[in-house]
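Heads up: the structure comes next, in structure tokens.
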Amino acid sequence: MHFRPLHDRVLVRRIEAEEKTAGGIIIPDTAKEKPMEGEVVAVGPGARDDTGKLVELAVKTGDRILFGKWSGTEVRIEGEDLLIMKESDILGIVENTAELKKAA
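Now the structure itself:
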């Protein structure tokens, strides 16, 4: 991909939600909500603080994140629908639950 976000912006690919409910009911496309979970595709270099020092982002490429329902700007890059958002729109990073269970 030939796109690099600027400053504290992040490029995100939505992770699609399940198409069936737990009871096996198939949800039609018109009734689906847009997923609020995604994978970080690219990150900018960071924002500048009051002294001009570069502050790196807390997220990195490959992180699985949660973001607000109306966060980001939808863009199409190389035929793929993606989101560009500020790091402050990200609610958190989803940790690998399998690794967490092993550590416990």
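So the mapping is simple: our numbering equals the position in the sequence shown, first residue as 1, plus 755.
For every residue, glycine included, the Cβ atom is placed at its ideal position computed from N, Cα and C.
In this text, all values refer to a predicted model and were calculated from it rather than measured experimentally.
Worksheet item: Going by DSSP, what residues sit across from Thr-828 in a beta bridge?
Response: What you label residue 828 is simply residue 73 of the sequence shown in a count that begins at 1. Per DSSP, Ile-839.
Practice prompt. Figure out for me which residue from Val-798, Pro-760 and Val-830 has the closest Cα to the Cα of Asp-818.
Written response: Counted from its first residue, the sequence shown places residue 818 at position 63. Looking only at Val-798, Pro-760 and Val-830, the smallest Cα-Cα distance to Asp-818 is reached by Val-798.
Discussion item. Below 8 Å on the Cβ atoms is my contact criterion, and I expect Ile-845 with Val-814 to pass it. Report the Cβ-Cβ distance as a whole number of Å.
Written reply: What you label residue 845 is simply residue 90 of the sequence shown in a count that begins at 1. What you label residue 814 is simply residue 59 of the sequence shown in a count that begins at 1. Taking 8 Å as the upper bound for CB-CB distance, Ile-845 and Val-814 are in contact here, some 6 Å apart.
Discussion item. Buried or exposed, going by whether 16 or more other CB atoms sit within 10 Å of the CB of Ile-848?
Written reply: One-based indexing of the sequence shown puts residue 848 at position 93. Result: exposed.
Item to complete: Have a look at Phe-822, Thr-816 and Glu-850 and flag the residue whose alpha-carbon is nearest the alpha-carbon of Met-840.
Response: The residue labelled residue 840 in the question sits at position 85 within the sequence shown. Comparing Cα-Cα distances from Met-840 to each of Phe-822, Thr-816 and Glu-850, the minimum goes to Phe-822.
Item to complete: Within its chain, find whatever has a CB closer than 8 Å to the CB of Gly-801; leave out the 5 residues flanking it on each side and keep chain order.
Response: The count along the sequence shown starts at 1 and reaches residue 801 at position 46. Close CB contacts of Gly-801 within its chain, under the 8 Å cut and outside five residues either way in sequence, are with His-762, Asp-763, Leu-809, Val-810, Glu-811 and Leu-812 (chain order).
Practice prompt. Quick one: residues in its chain with C-beta nearer than 6 Å to the C-beta of Leu-837, no 5 flanking neighbours on either side, listed in chain order?
Written response: On the sequence shown, position 82 is the one that residue 837 refers to. Leu-766, Arg-768 and Val-830.
Worksheet item: Span of the beta strand (DSSP E) holding Leu-766?
Response: Indexing the sequence shown from 1 puts residue 766 at position 11. Per DSSP, Leu-766 belongs to the beta strand (DSSP E) from 764-769.
Item to complete: Return the residue from the list Lys-824, Ser-843, Gly-807 and Ile-820 that minimises the CA-CA distance to Val-795.
Response: In the sequence shown, residue 795 corresponds to position 40, counting from 1. Shortest Cα-Cα distance from Val-795 to any of Lys-824, Ser-843, Gly-807 and Ile-820 involves Ile-820.
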